[in-house]
Structures are given as structure tokens and as C-alpha cells.
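For the working numbering, add 18 to where a residue sits in the sequence shown, where the first one is 1. The beta-carbon is built from N, C-alpha and C at its ideal position, and this holds for glycine as well. Fair warning: this is a prediction, and the values are worked out from it, not measured in the lab. Notes follow once the structure below has been shown.
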Amino acid sequence: MKKSIRRLFLGIAVLSFVFTGCSHQGRTEDKETDTVNSGKVTAEVPQEERADEDAQGSIELSGMLQVDGKSENSESESVSTSDENQNAVLVENGGTLTMTEGKLTKSGDTSSADESNYYGVNAVFVTTAGSESSISKSEITSAAEGANAVFATGKGALIHADNVKVSTSGNSSKGIYATYGGQVKAENIEITTSGTRCSPVAAERGSGSVSVQGGTVRSTGASSPCIYAAGTISAEKLEGTADASQILMIEGSNTVTLRGCDLSGSGEYGVMLYQSSPDSTGEGTSRLNTEDTKLTATMEGPMFFVTNTEANVILKNTELKYKGDVLVKVSGNNINSWGTPGSNGGNLTLTAVDQKLKGRIICDEISTVNLKLKEGSTFSGSINSDNKGKYIKVSLMEDAKWKLTGDTYVNVLKNVEQSCSNIESEGYNIYYDSTDSANSWLAGKTVKLDGGGEITPR
19 MKKSIRRLFL GIAVLSFVFT GCSHQGRTED KETDTVNSGK VTAEVPQEER
69 ADEDAQGSIE LSGMLQVDGK SENSESESVS TSDENQNAVL VENGGTLTMT
119 EGKLTKSGDT SSADESNYYG VNAVFVTTAG SESSISKSEI TSAAEGANAV
169 FATGKGALIH ADNVKVSTSG NSSKGIYATY GGQVKAENIE ITTSGTRCSP
219 VAAERGSGSV SVQGGTVRST GASSPCIYAA GTISAEKLEG TADASQILMI
269 EGSNTVTLRG CDLSGSGEYG VMLYQSSPDS TGEGTSRLNT EDTKLTATME
319 GPMFFVTNTE ANVILKNTEL KYKGDVLVKV SGNNINSWGT PGSNGGNLTL
369 TAVDQKLKGR IICDEISTVN LKLKEGSTFS GSINSDNKGK YIKVSLMEDA
419 KWKLTGDTYV NVLKNVEQSC SNIESEGYNI YYDSTDSANS WLAGKTVKLD
469 GGGEITPR
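Structure follows, in C-alpha cells:
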């Protein structure tokens, strides 16, 4: 270990410990801005600059092993700290660190939930703005409140993590985490977390980004989905289980891209797209793109829940497994004051590409759904059966098929097969708005369907 690496020892601060929870947690347009492309999955920094990416907290960071503006190497070194707020490893001020076969341990709680959640206070391995680090073939153990494991924060902060085993047991102690323009690029990771608000893979403050290539993750605590995105996250060939939480959560104007992943969850919903505080996560469209992926929800709730946000979901050859009969719920909420009651519904565009969908799609009077079935996709289900939805549009593209499992009410129906031979009614009807010009191809008429049902004006 080079002698120029400084080890800083902090005295015990005379501070009272208070720990609070972190912020974990109109008409739908026809636009499609997300795509699922071939090739390697990467995390892209959002185009919108929604936050001060050089933001710093009020508590100065310090590390047991600290690299400040220099280039250092560490091999087969053990670094441990039990001091309040202290990092085990800190790379800052343009410094670089390459660590291999390290063993990092952290105890000693944070004195501020916000400082640890957003700025890296009390985290184990931290890299700040303009600095770069890599850690490989290493183990990280965190046993404290607010002790995130691998944390990149600030514009230009970059961490490469390869073959790293992470275990956290305190609350608000995530696995790999990025905020304020920081980036984490991980390969072949193994992460387990057991506290509350401890997502194994997370990005926050609207501009952190994380990419994962291979590995396994598991959380056992509440409010700890496999992936929590209030930033940009992409994953390829990642296996994950959330024993007491949703599969994944996307908050605000942020994006998750999955390819070849296998993720499961046991929360109230399978996947949640929502908006809590636009000041911290960016107000706009929540986006989910999946390809060749398996998503499993073990509870009875909807597979997808959209509330208080615009949402764009693209599913391509993705296996969906869930116990209930509701595929999608789009509605307002009375959760934690997310939006104003009466105007906090969701607006979802769901695009299926070479995809099988099954179940009910339900929508309330302040929400909208735009369903697009493309490239041989099939849907066995109903939409807006109670006729409450604010606006519903369904489009069947080439080789798409729809098997009705209940009466359906839509504002607009578009079908490349104008004979509608690609719709099997099972005796149920589709009711459309004959006054909407987008339905002019139907000419206000009733179309008989195979199975005894019909498409008819409402």
C-alpha cells in the first residue's frame, strides 16, 4: 500500500442520534421515445439536468482510507471503521483508486439520514465528484444505520465494481448507489440487504446512474425493491429477489432498462411507477424497458401500478408471472400525499412487442391508458370493464391478437385488420366512442366478432 494514502481517525462526535426514513421510496400521447435495442445495456445520464450535481451536504466526508487528489493502488487490504459518519474508503478531489481483494467493514451509525442517503456520509466505499475508483474481488460488510455500501455522488464520480460481494444489515443501507450525477458500473456482483429501505441497486436525486452486468441481489427488508430508480438504472443478466418488497420501483422522470434479467418481488404491487416529490426526482415520464426478461410477483396485487405520473412501459418478449388477475392498475392514490387528490392519477402508455399479456387493465376516472400491441403480441384480457377510465386507447398492429375476457370500454380503437378477425370475443363486447374522429374507420357501425361479441358504439 503506498504510503501517500492517508488514514484519518475521527474522535467520537458528541451528537444525539436521530434517524429518520429516506424518500425511498390528461390524454396519453402516442409518442414512443423509449426503445429496446440490441447490444450491451448501459446506463445513460438523463438529458434533463434536474439537480445541482455538485451538491454537497453539511457534514464533511472523511475516510479511514482516504485518497485525496492522488492516484493510488490497494491490494489485499482490510479497512474497518466504527466511527459515526466515517467512510471506510473515500476517493475525492479528482483522486483515483484501484482496489483489489479488499475487505471493507463498517459499523457506527449515521447522525443524519439525509446526509447518508444523498451525499455519502457513513457509506463504506465512496467516490465523489470528479474522482474515479475501481474495486474488484472484494468483500464489503455494512452493519450500521445509513451505511450504504458502494456510493458514487457528484458530477463525474465514477465507480467500477467487479466481482464484489456486498452485505448490509442496517436500515437505509443500500447495495450499489448513485446520486447527483455519480455513476456506478458493476459486473458480477452479489448483494444481500436485510434492513428497511435497502434496495440492492439504487439511484437517487434524479441524476445518479447505475449499470449492472451479471450478478445476484436479494433484499429481505420492507421498502427494499430489487431496483429503486429515482435516477437511471440498467441491468443485464441480473437475478434478484425482494422478499418483502416490490420487484422494482421507478419514481419520477427516471428510467429502468432490463435485458435478460430474472427478478421477483413480494410487495403489494409487482412493479410501481409513481411520483412522490418532483423536487427530488424530476417531474415527467417514468420509463421501463424490458427485453428477454422474467418478472415474478408473488402477491395478489396488480403486476403494474401507475399513479401520479406519466409512464411509458415497453415490454419485449418478457415473461410476467403474478398471482392476481389484474395486469395493470392506473389510478390516483391516497399514499403519503403523492399529488393532489382528484388530480393524482396516472397516464400510461404500454407497448407490447412480441409479447404475451394476460389479465385485466383497470383505470379510474382521473387516469388514462394507451395500449399498443405490436409484432405478434397477444393480449388475453379486458380494459376498463367498469367504464370509469378518463381516456382509453387500444391499437392492434400487424400480427397482434386480442382475446376478450370481459366487456371493454375504449375512447379509441385502432386495428390494422379492419375486419377485426384478430379479435376473439368469447361473447364479450368492445364499446367505442363514435364521436371521436380516430374511430372514423368504424363509421359508427357495429362490427360482429368471432365468438358472438361485437364492437359497437357506446
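Other residues of its chain near asparagine 351: CB distance less than 8 Å, five sequence neighbours each side excluded: Mapped onto the sequence shown, residue 351 falls at position 333. Contacts found: Tyr292, Thr325, Asn326, Gly357 and Asn362.
Buried or exposed: which applies to aspartate 382, given that a residue is buried once 16 or more other Cβ atoms fall within 10 Å of its Cβ? Taking the sequence shown and counting its residues from 1, one reaches residue 382 at position 364. With 16 or more other Cβ atoms within 10 Å, it is buried.
Pair every Cβ in the segment 80-96 with every Cβ in the segment 126-137, then say whether three or more of these pairs are closer than 8 Å. The segment 80-96 vs the segment 126-137: no contact.
Excluding the 5 residues flanking threonine 118 on each side, which residues of the same chain have their C-beta closer than 6 Å to its C-beta? For the purposes of this step, residue 118 is taken as residue 100 along the sequence shown, with counting starting at 1. For threonine 118, where only same-chain residues beyond five positions count, the Cβ hits under 6 Å are Glu93, Ser154 and Lys155.
Beta carbon of isoleucine 177, beta carbon of valine 168: below 8 Å? Counting from one through the sequence shown, the residue named residue 177 turns up at place 159. Counting from one through the sequence shown, the residue named residue 168 turns up at place 150. Yes.
Taking buried to mean at least 16 other C-beta atoms within 10 Å of its own C-beta, is lysine 463 buried or exposed? Position 445 of the sequence shown holds residue 463. Taking a 10 Å sphere around the C-beta of lysine 463, we find fewer than 16 other C-beta atoms and assign the residue as exposed.
Pop quiz: alanine 170 and glycine 200 are said to be a contact at Cβ under 8 Å. What is the actual Cβ separation, rounded to whole angstroms? Within the sequence shown, the letter at position 152 stands for residue 170. Within the sequence shown, the letter at position 182 stands for residue 200. The pair is a contact, with the Cβ atoms about 3 Å apart (cut-off 8 Å).
Do leucine 306 and valine 348 have their C-beta atoms within less than 8 Å of each other? To locate residue 306, count along the sequence shown from 1; it is residue 288. To locate residue 348, count along the sequence shown from 1; it is residue 330. No Cβ-Cβ contact shorter than 8 Å links leucine 306 with valine 348.
Less than 8 Å separating the beta-carbons of asparagine 189 and threonine 159? For the purposes of this step, residue 189 is taken as residue 171 along the sequence shown, with counting starting at 1. For the purposes of this step, residue 159 is taken as residue 141 along the sequence shown, with counting starting at 1. No, the Cβ-Cβ distance between asparagine 189 and threonine 159 is not below 8 Å.
Leaving aside the five residues before and after tyrosine 450 along the sequence, list all residues of the same chain whose C-beta is less than 6 Å from its C-beta, in chain order. The residue you call residue 450 lines up with position 432 of the sequence shown. Only Val428, Leu431 and Asn457 meet the Cβ criterion.
Please state the DSSP three-state secondary structure of alanine 131. Position 113 of the sequence shown, counted from the first residue, corresponds to residue 131. Alanine 131 falls in the helix class under three-state DSSP.
Leaving out the 5 sequence neighbours to the left and right, which residues in its chain are closer than 8 Å to methionine 321 when beta-carbon positions are compared? The sequence position of residue 321 within the sequence shown is 303, counting from 1. So the list reads Tyr287, Gly288, Val289, Leu313, Ala315, Leu338, Tyr340, Gly342, Val344, Leu345, Val346 and Gly377, once near-sequence residues are dropped.
Same chain, Cβ closer than 6 Å to glycine 394, neighbours up to 5 away in sequence not counted: Counted from its first residue, the sequence shown places residue 394 at position 376. A distance below 6 Å between beta-carbons, with the five flanking residues on each side excluded, links glycine 394 to the following residues of its chain, in chain order: Asp372 and Asp417.
With 16 as the cutoff for other CB atoms within 10 Å, does glutamine 436 come out buried or exposed? By one-based count along the sequence shown, residue 436 stands at place 418. Looking at its Cβ environment, which holds fewer than 16 other Cβ atoms inside 10 Å, glutamine 436 is exposed.
One or two residues paired with tyrosine 11 in a DSSP bridge: The structure shown does not extend to residue 11, since the chain spans only 19 to 476, so no value can be given for it.
Less than 8 Å between the C-beta atoms of asparagine 388 and lysine 419, yes or no? As a position in the sequence shown, residue 388 is number 370, starting the count at 1. As a position in the sequence shown, residue 419 is number 401, starting the count at 1. No, Cβ-Cβ distance for asparagine 388 and lysine 419 is not below 8 Å.
State buried or exposed for valine 228, treating a residue as buried only when at least 16 other CB atoms are found within 10 Å of its CB. Here residue 228 refers to the residue found at position 210 when the sequence shown is read from its first residue. Flag for valine 228 reads buried.
Do phenylalanine 143 and alanine 175 count as a contact pair if the criterion is CB distance below 8 Å? One-based indexing of the sequence shown puts residue 175 at position 157. One-based indexing of the sequence shown puts residue 143 at position 125. No, the Cβ-Cβ distance between alanine 175 and phenylalanine 143 is not below 8 Å.
Roughly how far, in whole angstroms, is the beta-carbon of serine 212 from the beta-carbon of threonine 238, given that I think they are within contact range, below 8 Å? As a working mapping, residue 212 is identified with position 194 in the sequence shown. As a working mapping, residue 238 is identified with position 220 in the sequence shown. Contact between serine 212 and threonine 238 holds, since their C-beta atoms are separated by about 5 Å, short of 8 Å.
Can you check whether the CB of glycine 172 is closer than 8 Å to the CB of tyrosine 195? What you label residue 195 is simply residue 177 of the sequence shown in a count that begins at 1. What you label residue 172 is simply residue 154 of the sequence shown in a count that begins at 1. At least 8 Å separates the beta-carbon of tyrosine 195 from that of glycine 172.
Whole-Å CB distance - alanine 165 paired with asparagine 140, under 8 Å assumed: Within the sequence shown, numbered from 1, the residue matching residue 165 stands at position 147. Within the sequence shown, numbered from 1, the residue matching residue 140 stands at position 122. Beta-carbon to beta-carbon, alanine 165 and asparagine 140 are separated by about 5 Å, close enough to satisfy the 8 Å threshold.
Just to confirm before moving on: does the CB-CB distance between cysteine 279 and alanine 253 stay below 8 Å? Numbered from 1 along the sequence shown, position 261 holds the residue referred to as residue 279. Numbered from 1 along the sequence shown, position 235 holds the residue referred to as residue 253. In this structure, alanine 253 lies closer than 8 Å to cysteine 279 by Cβ.
Given that a residue counts as buried once 16 or more other Cβ atoms are within 10 Å of its Cβ, and exposed if not, what is glycine 57? The residue labelled residue 57 in the question sits at position 39 within the sequence shown. For glycine 57, the predicted structure reports a pLDDT of 38, less than 50, and the residue's modelled location is therefore unreliable. A value from the coordinates is still provided. Result: exposed.
What do you reckon, are the CB atoms on asparagine 111 and serine 151 nearer than 8 Å? Sequence index remark: in the sequence shown, residue 111 carries index 93 (1-based). Sequence index remark: in the sequence shown, residue 151 carries index 133 (1-based). The Cβ atoms of asparagine 111 and serine 151 do not sit closer than 8 Å to each other.
Ordered along the chain, which non-local residues of its own chain (more than five positions away) have a Cβ less than 7 Å from that of valine 434? In the sequence shown, the residue the question calls residue 434 occupies position 416. Closer than 7 Å at the Cβ level, and outside the excluded window around valine 434, lie Leu414, Met415 and Glu416.
In the DSSP assignment, what are the bridge partners of leucine 467? Position 449 of the sequence shown, counted from the start, is the residue given in the question as residue 467. Beta-bridge partners assigned by DSSP to leucine 467: none are found.
CA-CA distance, threonine 474 and leucine 368? Here residue 474 corresponds to residue number 456 of the sequence shown, with the count starting at 1. Here residue 368 corresponds to residue number 350 of the sequence shown, with the count starting at 1. Rounded to the nearest angstrom, the two C-alpha atoms are 24 Å apart.
Selection from Asp310, Glu318 and Ile353 that minimises the alpha carbon distance to leucine 333: Working through the sequence shown from its first residue, we reach residue 333 at position 315. Taking only the C-alpha atoms, the option nearest leucine 333 is Asp310.
Taking the alpha carbon of cysteine 308 as the reference point, which residue from Val331, Ala262 and Ser294 has its own alpha carbon closest? In the sequence shown, the residue the question calls residue 308 occupies position 290. Looking at the sequence provided, one finds threonine at residue 308 rather than cysteine. In this structure, Val331 is the residue among Val331, Ala262 and Ser294 with its C-alpha nearest to the C-alpha of threonine 308.
Residue range of the beta strand (DSSP E) that includes lysine 183: Residue 183 sits at position 165 when you count from the first residue of the sequence shown. In the DSSP assignment, lysine 183 falls within the beta strand (DSSP E) that extends over 176-186.
May I ask you to report which of helix, strand or coil DSSP gives tyrosine 340? Numbered from 1 along the sequence shown, position 322 holds the residue referred to as residue 340. In the structure shown, tyrosine 340 adopts extended strand secondary structure according to DSSP, grouped into three states.
Beta carbon of glycine 443 nearer than 8 Å to that of aspartate 404: As a working note, residue 443 is residue 425 in the sequence shown. As a working note, residue 404 is residue 386 in the sequence shown. Rather than glycine, the amino acid found at residue 443 in this sequence is serine. Not in contact: serine 443 and aspartate 404 (Cβ atoms no closer than 8 Å).
Between threonine 259 and serine 282, which are expected to be in contact by the criterion C-beta below 8 Å, what is the C-beta distance as a whole number of angstroms? For the purposes of this step, residue 259 is identified with residue 241 of the sequence shown, where counting begins at 1. For the purposes of this step, residue 282 is identified with residue 264 of the sequence shown, where counting begins at 1. Contact annotation, threonine 259 with serine 282: C-beta distance approximately 5 Å; criterion of less than 8 Å satisfied.
Which residues DSSP lists as bridging tyrosine 137, in chain order: Numbered from 1 along the sequence shown, position 119 holds the residue referred to as residue 137. Beta-bridge pairing links tyrosine 137 to no other residue.
I need the DSSP call for threonine 60, collapsed to helix, strand or coil. As a first step, residue 60 is located in the sequence shown; it is residue number 42 there, counting from the start. Here the model assigns threonine 60 a pLDDT of 40, short of 50, so the residue's position is not dependable, and the following value carries that caveat. Correct three-state label for threonine 60: coil.
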